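The structure appears below as structure tokens.
Protein chains: 4
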Amino acid sequence: MRTPETPATLQTQSYVLALIPGWPIPRVARVLHRDNDRLAVEFCDSSAPSRMTVHASTVTYVPASLAERLLAPISQRPSSTRRPTSTGAEAWLGMRIPVLDAGWVCLLDYAGTDEGIADAARTSYGERASSGADNRRLIRYLRRHGHTGPFEMVGTKWHVRLPIFVARQWVRHRTASLNEQSGRYSVLTDDAYVPPAPTIASQVAVKQGRDAPLPPAVQSEAAALIARAATDAHQAYQRLLSLGVARETARLVLPVNTYTQWVWKIDLHNLFHFLRLRLASDAQAEIRAYAEAVAQIVRCAWPVAWEAFDDYVRGAVSLAAPEVGCLQRAPMRPEEAQQDALRQSADLMGPRERAEFLGKLARLGLLDAVNMEVP
Amino acid sequence: MRTPETPATLQTQSYVLALIPGWPIPRVARVLHRDNDRLAVEFCDSSAPSRMTVHASTVTYVPASLAERLLAPISQRPSSTRRPTSTGAEAWLGMRIPVLDAGWVCLLDYAGTDEGIADAARTSYGERASSGADNRRLIRYLRRHGHTGPFEMVGTKWHVRLPIFVARQWVRHRTASLNEQSGRYSVLTDDAYVPPAPTIASQVAVKQGRDAPLPPAVQSEAAALIARAATDAHQAYQRLLSLGVARETARLVLPVNTYTQWVWKIDLHNLFHFLRLRLASDAQAEIRAYAEAVAQIVRCAWPVAWEAFDDYVRGAVSLAAPEVGCLQRAPMRPEEAQQDALRQSADLMGPRERAEFLGKLARLGLLDAVNMEVP
Amino acid sequence: MRTPETPATLQTQSYVLALIPGWPIPRVARVLHRDNDRLAVEFCDSSAPSRMTVHASTVTYVPASLAERLLAPISQRPSSTRRPTSTGAEAWLGMRIPVLDAGWVCLLDYAGTDEGIADAARTSYGERASSGADNRRLIRYLRRHGHTGPFEMVGTKWHVRLPIFVARQWVRHRTASLNEQSGRYSVLTDDAYVPPAPTIASQVAVKQGRDAPLPPAVQSEAAALIARAATDAHQAYQRLLSLGVARETARLVLPVNTYTQWVWKIDLHNLFHFLRLRLASDAQAEIRAYAEAVAQIVRCAWPVAWEAFDDYVRGAVSLAAPEVGCLQRAPMRPEEAQQDALRQSADLMGPRERAEFLGKLARLGLLDAVNMEVP
Amino acid sequence: MRTPETPATLQTQSYVLALIPGWPIPRVARVLHRDNDRLAVEFCDSSAPSRMTVHASTVTYVPASLAERLLAPISQRPSSTRRPTSTGAEAWLGMRIPVLDAGWVCLLDYAGTDEGIADAARTSYGERASSGADNRRLIRYLRRHGHTGPFEMVGTKWHVRLPIFVARQWVRHRTASLNEQSGRYSVLTDDAYVPPAPTIASQVAVKQGRDAPLPPAVQSEAAALIARAATDAHQAYQRLLSLGVARETARLVLPVNTYTQWVWKIDLHNLFHFLRLRLASDAQAEIRAYAEAVAQIVRCAWPVAWEAFDDYVRGAVSLAAPEVGCLQRAPMRPEEAQQDALRQSADLMGPRERAEFLGKLARLGLLDAVNMEVP
């Protein structure tokens, strides 16, 4: 639906997505002038360093229409509040992170901080609030033991633009609130997602999803077919509207890669559940791209909760009962290997967490009961 | 996508949808022989009278492919159970009610009866179970007073085939469980919903929805455009699959009127909420057609709960505070009108319900406080 | 459990609850000096006028222990945020509103404003944001038509101290998050709710709840019995703890009027549902007291949403189908009464709302179809 | 509250709980005659072998009042249904399993079977139903990969009698429907849970829960204190009722070990979540007793789903990212140990499951990448 410019053709006034060092997500910039492969760019949103020089190969062209969409931030003058505030969340508020060819993710509002998670837990335990180190220890303990209630105490609200087929996967997460653009009330734009040709892959036997890459010529033909189908469908839509047909009927012809948008509100516990499933390698690549943009912001806004999620949920290996049985029946590890592992664990973990780990090792048959007392 | 036969062209062996007297939903039948406008038909499903003679103008032709889909009932031999059983629900189990041009609704399973609703309520009240009349009185009381908990005690499970755009409205009801056919795993059929030309209407200013009918020529052109768009899209889909493109990518070109199917489980309280919104006149006609098929079965399976819903929710008129204020400031009704209304209400309602009604009338200024004691 | 001081015995340094003009909820103050019936008091929380002179009969004594609990606000220094801010909500943040004899309600955090409700709805309608008057019209339209989704977009978080039997009614509202103090981890205080003697009433036949007042001597005996039972139970609890019995077992003897506390998070849609049921006249008086404290804050924090709720939900009169039938069969109102009502409605309502009202009147048989066009 | 008979004092006509071989839950029986330590008993419920001879030491005395409660089954004559039927579930329908000293759990109704779980999943995958072996493989795959949707398709409904403090833990599971006996409407019985003296333990430092046993004399004193407190409280309750105080107020004095009852409806996915948390060793012993009774029935009614839950959830060992890191840095296992484990896993698992296991082992550093191909 749009012909991408290449690094070679980027001109003054073109919009690009460029990376600021130390800032993980690309932001919209305008090319001020060009000196061979060096581009002087100016960032177009309001909340960070304004100018930079970059190499042409490091930026991505975006058409003006998309750039303008990405640049319509929710304008929010700072105001004073007595609510708990997350500086990481504030930095991202109202910024539209580009996802796919015409979509974005934007944090609209939030309530609660890492400290608030710990405080909610302390309500149960009747403990007193104390230092940041205590908060971290408590939050990691909660996560490790599946006490997910306190994570529900953080609220998040997002504005997302996404293709309909991604939206259909997204709504499977029911414990959330949603207000979506309606094709009954409003006329939909002609934006439709077309996957970049090099990413188009073949069906894999047995499993869902895509895997083996296709020959470049086939990839190009497929991308062209998808783009053409979207154009044809949108022409039919426009023709139906011009005949006077009601919007709710005219839209029947639109394909599932048409973009829609919505406001989505979800608590942090359920957001982590969404991230666990949608960041996984078997999630469809397109929804994974959205999950990664959301994760980027969560990592900044609730860093302690994110780290605990990353260590104890995303990075965990779960051994099922039959697997445990196999391991247990295998011969013991040699003495020195055990000592080694024990010594390392003493460096890496607090005392309670390590006791749990030793328990798991013993249960796995990787450790002599005798050695439980060592070092 | 298919050219309907007319009553004039119906032949032996054609499939039709025909009505059995006293059975509100059409069922699939096959034409045995024809004598001018008289058709001898045989019903193809297993659970009712088998042959009938009907007038050709009263049946609807269905193509063999759809008829076969409607006739693949979940074969369930009767078995013995000690669970509460609803004869109305049993009659509909496994029957696919046709909806739109290639969809259906089918009751797959259920748990609970009208009596179960009353019994759950009695758990709260500490009352003893008694007669059917008591059940009816209690269920109506629960409904009238918004005690919706006991209605959650009935479970229902459905198999539904429906266009994607209807599915997208349907999933807004989040308090339900869902397993939908996946376009990542399976190849989708070429069925796409095309609205019958005479139903295609124009957009109405301000409001959502469709209203004024369009000229027949425009309607035909619109229907043809929608049918053509679906055919084109499905050809692109087939071409992508033949190139070896993964199903999850190939499906991007399919329009939102493509049919999908799912298993849907919801409790009766939330099902009534679905019905209230989706039977309403401002619901899109297509989802309303599904809601009507569901309602048909609910009416048979839980007749007392349905009647209470119909009287106290669907048929209710709610006057907002400002409206009540207006009425109260208007002059009194003449004496004889009041007496009339009071007399009628004594015939129609039980004593507690009537006391509530008199209270509303008094609050509405339609009744003298003095007259509260009468008849 | 505590002997209240009377206005006559209030001394310097006593704590009282006093009302500031224009501030609907009493706040904790300390008596500075006394001049007959005139008390000079100083408010002890930080967020409002500090000194005032009041009449002794207008204040309520509170024991120091409760005053201190009410005065342990969540100290939150103002910080800068780009989030939407509600000034009404900010005013109440961290203030503990006293409820019953030793409980309180406190707004801990929130996300979203009246404007945010309207903006979420506009996502669906594809409209543009505009003036405050438009927001009010839109929010009232949403409420009137049961479009409750946008109200879910506002989040609220509360800290509440309440008796266990109230907590048991409260948790019936399941669409909320909760972290409650645990009697397994912590030792519970000896606070137990004792109803003020003059409020103790007798059981009413048929209905739930209390109604007719009891003789004062009986009321006093009942209050004393309840207080005594709580003291005895708490002594048994202390004795069990001193024997070394685990807290989770020792607490078995504690009565259901023992105070607990929790953090409660709920969206505004579900909060209104809570308020509708718990502000109703058939709710138990004790939970109604909590609902009133919550409502007080909601009214300030989301005034437009509250007003719409008050007009269209709390103040509404719903006529069920049988009632409507009765009214319809009654003779017409005289011409002049109709004209009157129509004229008034033109003053009070916008054009769309009035059209709906006339429709209801016609449906109720209170209005000639002929007269629909008038004034 | 009641003095238990000992095996020595059991007489003809006493009620006992006795075990039938092969039937895991005790059932109510009446002693027909006694011959030293041999008791001839007759079972009092209707659904199994009726007479048996047992050794006196293997039965537990129950007072007549409790036995009668356990024997008031929901009388359900078998009827014919076309719904899927689980023979395991049918066997337990309406049987009250005794829990604690005066509580019980009873399966009231259900919808869905193991086959239905597999069928719901096949809706997504577009596969055809086939053999029971395929169902088992599919259900285990779903569980292993966290595809929990199909488990929501089974509904269960229970009648439970339980102490209030257990009920308060139970309602933390919000995705369920509940109708509880109301203390506003009904007069509560004087049943209160008193833990058997030998189970009363001391508080454990740091952790929740109880641990070390107390001296028998202390245990007896504690049990007597709890029993006495319940008696005193119930006398105060009766006195308040006799004064005419409303039930909702009189109940304030009742302790949290008073028995209540409710009807509880929950789907199988959420029921497994309940069981995972409430069967765990850190759950309070009393709610664990209820979870065990529920688990007993689930195991019979949905045996394949239960087995998958037991293997992949209850019996699983999850290694967090830091633990995985430690293991990975430890030296390799000797060659022969690896071969051993591989050979065993080939016997125990299907090919896909085993490939996952080898992947986990490699990730854990317990297996050479080289050896992945073996045997």
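Residue numbers (the numbering used here), protein chains in the order written: chain R, 1 to 375; chain V, 1001 to 1375; chain C, 2001 to 2375; chain D, 3001 to 3375. Positions of the beta carbon are idealized from the N, C-alpha and C atoms, including for glycine. Quick caveat, the model's predicted, so the values are computed rather than measured.
Rounded to whole angstroms, what's the CA-CA distance from residue i to residue j? Just pull it up for me.
i, j, result
"residue 1015 of chain V", "residue 1040 of chain V", "12 Å"
"residue 1144 of chain V", "residue 1186 of chain V", "46 Å"
"residue 1346 of chain V", "residue 1354 of chain V", "7 Å"
"residue 10 of chain R", "residue 228 of chain R", "26 Å"
"residue 1151 of chain V", "residue 3110 of chain D", "16 Å"
"residue 1331 of chain V", "residue 1366 of chain V", "Only weak support exists for where residue 1331 of chain V lies, its pLDDT of 48 falling under 50; the coordinates are left without a value."
"residue 2006 of chain C", "residue 2052 of chain C", "20 Å"
"residue 1017 of chain V", "residue 1178 of chain V", "29 Å"
"residue 1225 of chain V", "residue 1063 of chain V", "21 Å"
"residue 206 of chain R", "residue 249 of chain R", "Caution applies to residue 206 of chain R, whose pLDDT of 49 falls short of 50 and renders its modelled position unreliable; the value that the coordinates give is listed next. Near 37 Å, if we compare the C-alpha coordinates of residue 249 of chain R and residue 206 of chain R."
"residue 2311 of chain C", "residue 2066 of chain C", "36 Å"
Look at the Cβ atom of residue i, then the Cβ atom of residue j, and state whether they are nearer than 8 Å.
i, j, result
"residue 3115 of chain D", "residue 1081 of chain V", "no"
"residue 1202 of chain V", "residue 253 of chain R", "no"
"residue 1316 of chain V", "residue 1139 of chain V", "no"
"residue 1251 of chain V", "residue 99 of chain R", "no"
"residue 3222 of chain D", "residue 2241 of chain C", "no"
"residue 85 of chain R", "residue 2079 of chain C", "yes"
"residue 2363 of chain C", "residue 2324 of chain C", "yes"
"residue 1184 of chain V", "residue 235 of chain R", "no"
"residue 3103 of chain D", "residue 3300 of chain D", "no"
"residue 58 of chain R", "residue 19 of chain R", "yes"
"residue 3266 of chain D", "residue 3092 of chain D", "no"
"residue 1264 of chain V", "residue 1154 of chain V", "no"
"residue 1237 of chain V", "residue 1163 of chain V", "no"
Can you pull the chain C residues whose beta carbon is under 7 Å from the beta carbon of residue i, in chain order?
i, result
"residue 1322 of chain V", "2311, 2348, 2349"
Give the interface partners of residue i over in chain C, defined as CB-CB distance under 8 Å, in chain order.
i, result
"residue 1281 of chain V", "By Cβ distance, chain C contributes nothing, its closest Cβ being about 12 Å from residue 1281 of chain V, past 8 Å."
What span of residues does the alpha helix (DSSP H) with residue i cover, start to end?
i, result
"residue 2270 of chain C", "2268-2278"
Note down, in chain order, every chain B residue with its Cβ under 7 Å from the Cβ of residue i.
i, result
"residue 3121 of chain D", "Of the protein chains in the structure, R, V, C and D, none is chain B."
By alpha-carbon positions, which one of the options ends up nearest to residue i?
i, options, result
"residue 2060 of chain C", "C/2008, C/2094, C/2107", "C/2008"
"residue 1158 of chain V", "V/1035, V/1313, V/1038, V/1094", "V/1094"
"residue 2174 of chain C", "C/2270, C/2320, C/2362, C/2282", "C/2270"
"residue 3169 of chain D", "C/2181, C/2282, C/2122, C/2163", "C/2181"
"residue 2166 of chain C", "C/2195, C/2218, C/2296, C/2087", "C/2195"
"residue 2134 of chain C", "C/2149, C/2117, C/2146, C/2147", "C/2117"
"residue 37 of chain R", "R/26, R/30, R/43, R/54", "R/54"
"residue 1261 of chain V", "V/1230, V/1220, V/1189, V/1292", "V/1189"
Anything in chain C within Cβ reach of residue i, meaning under 9 Å, just list it in chain order.
i, result
"residue 95 of chain R", "None at all; the shortest Cβ gap to chain C is about 10 Å."
Could you spell out where the beta strand (DSSP E) holding residue i opens and where it closes?
i, result
"residue 2098 of chain C", "2097-2099"
"residue 2061 of chain C", "2060-2062"
"residue 3376 of chain D", "Nothing in the structure corresponds to residue 3376 of chain D, since chain D is present only between 3001 and 3375."
"residue 145 of chain R", "Segment: none, residue 145 of chain R is in no beta strand (DSSP E) and carries neither H nor E."
Listing by chain order, which chain R residues have their CB less than 8 Å from the CB of residue i?
i, result
"residue 2302 of chain C", "None at all; the shortest Cβ gap to chain R is about 14 Å."
So which residues of chain R does residue i contact, with C-beta pairs closer than 7 Å?
i, result
"residue 2082 of chain C", "76, 78, 90, 93, 94"
Using a Cβ cut-off of 8 Å, pull out every chain D residue sitting near residue i, in sequence order please.
i, result
"residue 2214 of chain C", "3243, 3244, 3245"
"residue 2255 of chain C", "3233, 3252, 3253, 3254, 3255, 3256"
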